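S.K.:
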Amino acid sequence: MENRWSDKTAQDTIKHYADAGINEDIALRVYTSRLLGNEPRLVLHGGGNTSVKTTAIDISGNNINVLCVKGSGWDLGDIEPAGLPAVRLEPLKKLVTLKSLSDEDMVNVQRCNLLDSSAPNPSVETLLHAFLPHKFVDHTHANAVLALTNQADGEAICRKIFGDRVAYVPYIMPGFDLAKKTEEIFQQYPNCEGMIMLKHGIFSFADDAQLSYQRMIEFVTMAEEHLARAKQKLFPAIKLPAQSANAANIAPIIRGLTATDLGDGKFQRLVLEFRTSPEILNYVNGEEVSRYSQQGTVTPDHSIRTKPKPLVLPTADANNLPAFAENAAAALKQFSNDYHDYFDRQNKRLNNTRTKLDPLPRVILAPGIGLFGLGASSKAAKIAADLAETTVEVITAAESLGPFECISEDETFDMEYWSLEQAKLGKTNEPDFARQVVVVTGGASGIGLATAQAFKAQGAEVAIIDQDAEAADKAAGQLGGIGIGCDVTDRQQLRAAFDTVCQTYGGMDILISNAGAAWQGRIGDVDDETLRKSFELNFFAHQAASQEAVRIMREQKTGGNLLYNTSKQAINPGPDFGPYGLAKAATLFLMRQYALDHGRDGIRSNAVNADRIRSGLLTDDMIASRSKARKLSEHDYLAGNLLGREVTAEDVADCFVALARADKTTGSVMTVDGGNIAASLR
Ligand code: ZN
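Letter 441 of the sequence shown, counting from 1, is numbered 441 in UniProt numbering, and no numbers are missing.
What follows is the structure, given as structure tokens:
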């Protein structure tokens, strides 16, 4: 592993923070913490922690000793001084004489000794850092060290590699007991340069930042070199179908199976994140995957994000997806039964003090295809997938030495159902469209973009489809979603776009069929080609997108929402707007046909009728010429409605959201035009 220390960057960091009154110790702590945090083979998603012992001035002007240690919610990769809250060191050190200390009391005493009462909670490994005498202490869950220690004889293997340069700490759950045990062992080996935490990770320490970091890199490199001498593990593979299904084929099936039916047509869904690579396929295709993947997590805190075990799916034959769906449902049922049993067994041991979490997997292994991370959001699913990829790397490396073996079931449960984690339950307030995936066609600008933004603001995952791929990417980048370039009148491109949505999020729940363009012509003169072009985009593309969406929704079996941008023209023709209005009128009817034919699938279908919206269809030039022709100011032209107010793309977006919320409304049109009696429905 490369040592990324640079004298120049270290000095620049010191200078940068000196201007803000941050001392050199903390500046260097920030610098090397980031070096560790930006190496995924050392640290992932909030894993690992670091500290520095330094001094600070308290409110009375006294110079006091403090421990600046990683605060919860911060990631080492982008940590700032604010992410290293200062805790009074002397009161922490005194705690070493206690016989025991509950997690809640430990958190409390740490908070009580913060210099800044609004700082985040100091790490649960704070006392371990405090009890060690060195100025700089670095802790990671390095993959290579985990591969060595997650073995029956992990300690013996490590002793051969590291000898007395490090001390060895048996597995104990993080908290006071681990801090106390670590201190005891350190007293026996006061000259050690680091400590191997068996089946958990590694600490390095020193009195200067560079040396502590350098030791971490050196130890991890020694572990990596040892593993490199073993032969890369190639797992004997199971027999796969001649043509395996792909991720886009099976993701909606999985997403549907892992949704929880809340009754009355409502579901609690999960979002998926797909990964594959030769390494992942070697792992998931292995004959023995049900052995090595089911032992438990490679380091204990993964269990909070990934659950102790992944679900292993049956193989998926591309030519027989119904059989796959049936087998996958049975495998999931078995998984959740096993999880209930595990919880009941373990909760009994803890005198029934724990609250059961849902029994659904957060990692799914799909032989022949790859793996999926699952979560309440795309972000959570990505974290689960990252941890799963790390698990694949660690277990594959471990198996090159001997059978992978991790902490026991009791120890795993203690971590997954940690009282500090249980205290957080029920405290998240999810926005209305969290866990739902929205696809917006023509989403890179105007009404489409405003609608994508409105759903995103309500917690939805968003896919923007637009014929301008660059604009789609840009909009999605700003919004936090995916952008897909696609001509919606091309069925193949449309299928590929929906496949990308399934690969990215696992499926979809709401279609905003919005892409459109206005063709004009006096109906008695207009040529066929113009009319047909308009029908391709303003009718057939809506039908094609709806079919793709309905196909996915029916695989998920969790209902869905089709929403169309029709137009005032669909019911109230404007002069010379026949080519546009006729196609839009057909699309309005299409909406009703979907409501009729797919209500039984739980799919709702509704439309928004908007008029005079400043957008791609009604450009600034058009507004200028039309208002001039009517001898009106631009404002009076745009606000020429009963309410006398201009209607914006955001107003139209709000109507789409309102229809998506109205969960017993289908076959309906919502008008948003400020009032136009001639165009009103019924
Ligand atoms: Zn740790």
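Each residue gets a CB set at the ideal place from its N, CA and C atoms; glycine is no exception.
Computed from a predicted structure; not experimentally measured.
Could you pull out every residue in the same chain whose Cβ sits closer than 8 Å to the Cβ of D432, ignoring the five residues on either side in sequence?
M.R.: Q458, G459 and R661
S.K.: Pull up the CB-CB distance for A420 and V124, whole angstroms please, since I reckon it's below 8 Å.
M.R.: First, the residue type needs correcting, since residue 420 is Leu and not Ala in the sequence shown. Contact flag correct, Cβ pair sits at about 7 Å.
S.K.: Just grab the DSSP bridge partners of Q422 for me.
M.R.: Q422 is not bridged to any residue.
S.K.: For a test of the three-state rule: what should DSSP assign to F273, helix, strand or coil?
M.R.: Looking at the sequence provided, one finds Glu at residue 273 rather than Phe. Looking at E273 - three-state DSSP - the assignment turns out to be strand.
S.K.: Report the three-state DSSP secondary structure of P579 (helix, strand or coil).
M.R.: helix
S.K.: I'd like the span of the beta strand (DSSP E) that includes E461, first residue to last.
M.R.: E461 to D466
S.K.: I'd like to confirm the pairing. Which residues does DSSP put opposite G194 in its beta bridges?
M.R.: V166 and S204
S.K.: Give the straight-line distance between the Cα atoms of N24 and N108, rounded to the nearest whole angstrom.
M.R.: According to the sequence provided, residue 24 is Glu. The question's Asn does not apply to it. Roughly 29 Å separates the two Cα atoms.
S.K.: Cβ atoms of P367 and V439: under 8 Å apart, would you say?
M.R.: Not a contact, by the Cβ cut-off of 8 Å.
S.K.: On a CA-only basis, which of M197, N191 and D344 is nearest T182? Give me that one, please.
M.R.: M197 is the residue among M197, N191 and D344 whose C-alpha sits nearest the C-alpha of T182.
S.K.: Counting C-beta neighbours from all protein chains within 10 Å, is the total for residue 683 16 or more, i.e. buried, or is it exposed?
M.R.: Only positions 1 to 682 of the chain appear in the structure, and residue 683 is not among them; the question remains open.
S.K.: Out of A610, Q520, K53 and E461, point me to the one whose CA is closest to L588's CA.
M.R.: A610
S.K.: So, at 7 Å on beta carbons, what are the nonlocal neighbours of P314 in its own chain, with the 5 sequence-adjacent residues on each side left out?
M.R.: Closer than 7 Å at Cβ, skipping near neighbours: F324, N327, A328 and A331.
S.K.: Over the uninterrupted beta strand (DSSP E) stretch that includes S68, give me the two end residues.
M.R.: This sequence places Cys at residue 68; Ser is not what is there. From DSSP, the beta strand (DSSP E) with C68 extends over N63 to V69.
S.K.: Look up M1 in the DSSP assignment and say whether it is helix, strand or coil.
M.R.: The answer is coil: DSSP assigns M1 none of H, G, I, E or B.
S.K.: Is it right to say S100 is buried, meaning 16 or more other beta carbons lie within 10 angstroms of its own, or is it exposed?
M.R.: With fewer than 16 other Cβ atoms within 10 Å, it is exposed.
S.K.: Mind pulling the alpha helix (DSSP H) runs of 4 or more residues that sit fully within the segment 526 to 574?
M.R.: 528 to 535 and 541 to 556
S.K.: For the segment 216 to 223 against the segment 290 to 308, do three or more pairs of beta-carbon atoms, one drawn from each stretch, fall closer than 8 Å, so that the two count as touching?
M.R.: no
S.K.: Nearer than 7 Å: is that true of the beta carbon of H129 relative to any heavy atom of ligand 1?
M.R.: no
S.K.: Let me check you understand the geometry: is the CB of H226 closer than 7 Å to at least one non-hydrogen atom of ligand 1?
M.R.: no
S.K.: If you reduce the DSSP assignment to three classes, tell me which class Q268 lands in.
M.R.: strand
S.K.: Exposed or buried, what is N429 when buried is set at 16 or more other beta-carbons lying within 10 Å of its beta-carbon?
M.R.: Around the C-beta of N429, fewer than 16 other C-beta atoms lie within 10 Å, and the residue is accordingly described as exposed.
S.K.: Which residues bound the alpha helix (DSSP H) around K8?
M.R.: D7 to A18
S.K.: Taking only runs that begin and end inside the segment 372 to 401, name each unbroken alpha helix (DSSP H) of 4 or more residues, in chain order.
M.R.: 378 to 401
S.K.: When DSSP builds the beta bridges, which residues end up paired with residue 693?
M.R.: Not covered by the structure: residue 693. The range shown for the chain is 1 to 682.
S.K.: Candidates Q492, A144 and K664: which alpha carbon is nearest A230's?
M.R.: A144
S.K.: Consult DSSP for P322 and reduce its assignment to one of helix, strand or coil.
M.R.: In the structure shown, P322 adopts helical secondary structure according to DSSP, grouped into three states.
S.K.: Would T558 and F274 qualify as a contact pair, given that the criterion is a beta-carbon distance under 8 Å?
M.R.: no
S.K.: Do T55 and C68 have their C-beta atoms closer together than 8 Å?
M.R.: no
S.K.: Is it the case that the segment 136 to 156 contacts the segment 188 to 205, given that we only count it when at least three CB pairs across the two stretches are under 8 Å?
M.R.: Under the 8 Å Cβ criterion, the segment 188 to 205 counts as touching the segment 136 to 156, having at least three qualifying pairs.
S.K.: Is it the case that the CB of P403 approaches a heavy atom of ligand 1 more closely than 7 Å?
M.R.: no
S.K.: Under DSSP, the alpha helix (DSSP H) around H134 begins and ends at which residues?
M.R.: Here H134 belongs to no alpha helix (DSSP H), and DSSP marks it neither H nor E.
S.K.: From what residue to what residue does the beta strand (DSSP E) around D261 run?
M.R.: T260 to G263
S.K.: If you reduce the DSSP assignment to three classes, tell me which class D58 lands in.
M.R.: coil
S.K.: What is the DSSP secondary structure of I172, counted as helix, strand or coil?
M.R.: coil
S.K.: What residue range is occupied by the uninterrupted beta strand (DSSP E) comprising L227?
M.R.: Taken as a continuous stretch (DSSP letters only), L227 belongs to no beta strand (DSSP E), being part of the alpha helix (DSSP H) at A209 to R229.
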